[in-house]
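Residue numbers (our numbering): -17 to 115. Notes follow once the structure below has been shown.
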């Protein structure tokens, strides 16, 4: 799902009226494309990017293209953009990064407490766990 925050009352001709979203593994391999039209949008606007079976697309590359603005405006204002993916687990990603274990606790040391050598070991250890999952 992708969310956009627009404010037509303040932005008028700067507010997008047509947006195209392209997704895929790269700009040369576009696997999904959708175009959405807005009519004087105010607040959060939602675009569902799931496939026809309501499953999320697995992509590496996302392009947001503003095709047209209200009143044929030349510049555009998008106040906020959020891209949301599926929740894979109830365990936070932060716990997995710090400990490498699905149900681990956050260590008592914060990142600021590690010296340079400990931090590089910590990062290498975390990356190994991230690459295996």
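Even glycine gets a Cβ: it sits at the ideal position worked out from N, Cα and C.
The residues -1, 0, in chain order, have a CB closer than 6 Å to that of residue 50 in the same chain once the five nearest residues on each side in sequence are set aside. Using a 10 angstroms sphere on the CB of residue -7, the tally of other CB atoms reaches 16 or more, which defines it as buried. Excluding five sequence positions before and after residue 59, the CB atoms of its chain that fall closer than 7 Å to its own CB belong to -7, -4, -3, given in chain order. For the pair residue 39 and residue 18, the Cα-to-Cα distance works out to about 18 Å.
Counting only unbroken stretches of 3 or more residues, the beta strand (DSSP E) elements lying wholly within the region -5 to 36 are -2 to 8, 11 to 19, 24 to 29, in sequence order. Under DSSP, the beta-bridge partners assigned to residue -13 are 26, 62. When the five nearest sequence neighbours on each side are left out, the beta carbons in the same chain lying within less than 8 Å of the beta carbon of residue 20 are those of -12, -3, -2, -1, 0, 1, 27, in order along the chain. Note: residue 47 is bridge-paired with 2 in the DSSP secondary-structure output. Each of 69, 7, -9 was checked against the Cα of residue 44, and the nearest Cα belongs to 7. With 16 or more other Cβ atoms from the protein chains shown falling within 10 Å of its own Cβ, residue -10 counts as buried. In this structure, the CA atom of residue 47 is about 23 Å from the CA atom of residue 36. The C-alpha of residue 23 is placed about 17 Å away from the C-alpha of residue 3.
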